[in-house]
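Numbering (mature numbering (1 follows the signal peptide of the UniProt record, and there is no 0)), first residue to last: -22 to -1, 1 to 451. What follows is a short report on a single structure.
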């Protein structure tokens, strides 16, 4: 019998090795995940949280009943824990190996809003948490809700002011809030047909895990609340994200490297809206990123489209963005981003940080309507090299009232720099190839814009332009 783990790697390898054809339609992706759970769930045990005493009234804490159901199913070798329709208020649920939470349509798992609802250690603050588990997942068509509105201290159209549980010293700063769902040190993780709603902080956090499949997941966060990221893939490998709808205030799909590299990530057929970056590598970037594919993605009304924000010395290589439609606009400058459709930067976070490099990026079949230009910025000792733009259409137009004329290097580096806007800004680049690239300008709305292309001559070399044009419309 073929090992489920080997089967996962085989299917993922076939997918990642498929060539991208410049003039073809979207690449064909797997229509269903590998059978990660087959060996454990051949004889699936089922339990309802109601059978263990859960009320589902939304006011009584059902934590003990839910945890008892999870532990009982795990003790039998694995299976599904059902949440029938109802509202299940809970403190942290610890998900065990072999267990899938089946939150049915009409059922809501509601995260508690008090600090005592969560484990003593701040890194373990999640509504649902799996640690060092295998063959785990969440499905069912219902929702897990972090009740993020309860963590808003003051509503502000620019950016909400959030509650912070830092008074006890458990953590510092203004990001001291619980995440929604976390898989830490896990293997064979699957989320499908589930809604993750109103996170107080990050929504779905994948840490030091591998063999991850996320499919048909809807993530809805408060568009005015900071730090409610959609999917954070941190130090994790072999991840597939497909057919997801992400509408949130902060970064939507965000690979990070803090304690180890991030390898082999595929995201396809997703719809994204965010006040930050739709796709962002970083800014936590101590280790390397390699082997990423982003295909057939729609990005609307976002502050930044495709972003690489390398600040901690990690290196990035072999990244492909293909068949992507982008619409970026300005929001309040308190949010990182300046409406860039494509943003590639590497520079040290602070004077003690190492400098990372970025190489072998491909942008294929990209169409963007944006209030700002493309920004490509390496740094001394941290070059951006071997970039390819093929079949890229950029339309520039202003429609919001926010000011322009700023380059945004945050975090760290030069922070915000006043500069006339260009369609494409380059610095510290070695090797860029553009083929069939079109820039179109709504000139009557672009006061203060400079040249279609601007670069610092002493820092940019090996440029190749073929069938490139710029025109007013």
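From the three backbone atoms N, C-alpha and C, an ideal C-beta is built for every residue, glycine too.
Alpha carbon to alpha carbon, how far is residue i from residue j?
i: residue 146; j: residue 262; result: 26 Å
i: residue 210; j: residue 241; result: 14 Å
i: residue 331; j: residue 190; result: 31 Å
i: residue 9; j: residue 276; result: Here the model assigns residue 9 a pLDDT of 39, short of 50, so the residue's position is not dependable, and the following value carries that caveat. Taking the straight line from one Cα to the other gives about 19 Å.
i: residue 252; j: residue 220; result: 18 Å
i: residue 102; j: residue 96; result: 8 Å
i: residue 86; j: residue 118; result: 11 Å
i: residue -2; j: residue 280; result: In this predicted model, residue -2 has a pLDDT of only 38, less than 50, meaning its place in the structure is not dependable enough to derive any value.
i: residue 348; j: residue 439; result: 26 Å
i: residue 42; j: residue 244; result: 37 Å
i: residue 139; j: residue 310; result: 14 Å
i: residue 284; j: residue 184; result: 20 Å
i: residue 6; j: residue 163; result: Note that residue 6 has pLDDT 38, beneath the 50 cutoff, so the model's placement of it is unreliable and the number below is only indicative. Using only the alpha carbons, I get a separation of about 30 Å.
i: residue 92; j: residue 170; result: 28 Å
i: residue 454; j: residue 289; result: There is simply no residue 454 to check, as the chain begins at -22 and stops at 451 in what is shown.
i: residue 368; j: residue 216; result: 27 Å
i: residue 272; j: residue 75; result: 30 Å
i: residue 405; j: residue 357; result: 7 Å
i: residue 223; j: residue 248; result: 6 Å
For the alpha helix (DSSP H) that residue i lies in, which residues bound it at each end?
i: residue 157; result: Where residue 157 is concerned, there is no enclosing alpha helix (DSSP H), although the beta strand (DSSP E) it sits in stretches over 157 to 162.
i: residue 95; result: Neither: residue 95 is in no alpha helix (DSSP H) and is coded neither H nor E.
i: residue 41; result: 41 to 53
Measure from the alpha carbon of residue i to the alpha carbon of each residue in the options, then state which is nearest.
i: residue 24; options: 166, 59, 251; result: 59
i: residue 258; options: 65, 212, 33, 451; result: 212
i: residue 353; options: 407, 360, 302, 140; result: 407
i: residue 425; options: 383, 387, 31; result: 383
i: residue 302; options: 264, 309, 319, 165; result: 319
i: residue 52; options: 28, 355, 79; result: 79
i: residue 177; options: 166, 187, 186, 141; result: 141
i: residue 328; options: 389, 374, 379; result: 389
i: residue 422; options: 435, 437, 450, 444; result: 450
i: residue 254; options: 202, 223, 267, 67; result: 202
i: residue 186; options: 238, 130, 371; result: 238
i: residue 227; options: 194, 214, 175; result: 175
i: residue 264; options: 293, 166, 207; result: 293
i: residue 83; options: 63, 98, 73, 90; result: 63
i: residue 376; options: 269, 411, 419, 304; result: 419
i: residue 106; options: 131, 127, 130, 72; result: 72
Helix, strand or coil for residue i? Go by DSSP, reduced to three states.
i: residue 85; result: strand
i: residue 205; result: coil
i: residue 270; result: strand
i: residue 408; result: strand
i: residue 101; result: helix
i: residue 29; result: helix
i: residue 422; result: helix
i: residue 148; result: coil
i: residue 34; result: coil
i: residue 111; result: coil
i: residue 451; result: coil
i: residue -12; result: Bear in mind that a pLDDT of 47 at residue -12, under 50, signals an unreliable position, so the model cannot answer this.
i: residue 246; result: strand
i: residue 276; result: strand
Residue i bridges to which residues according to DSSP?
i: residue 415; result: 370, 446
i: residue 119; result: 82
i: residue 66; result: 87
i: residue 432; result: 403
i: residue 225; result: 198, 251
i: residue 285; result: 258, 321
i: residue 61; result: 81
i: residue 439; result: 408
i: residue 310; result: Bridge partners of residue 310: none, in fact.
i: residue 210; result: 183, 232
i: residue 24; result: 58
i: residue 193; result: 170, 220
i: residue 106; result: 71, 159
Note the first and the last residue of the continuous beta strand (DSSP E) segment covering residue i.
i: residue 387; result: Neither: residue 387 is in no beta strand (DSSP E) and is coded neither H nor E.
i: residue 358; result: Looking at the DSSP string, residue 358 is not in any beta strand (DSSP E), and its letter there is neither H nor E.
i: residue 299; result: 294 to 306
i: residue 256; result: 255 to 261
i: residue 321; result: 318 to 324
i: residue 233; result: 231 to 234
i: residue 348; result: 336 to 348
i: residue 170; result: 165 to 175
i: residue 131; result: 130 to 132
i: residue 183; result: 182 to 185
i: residue 218; result: 215 to 220
i: residue 396; result: 394 to 396
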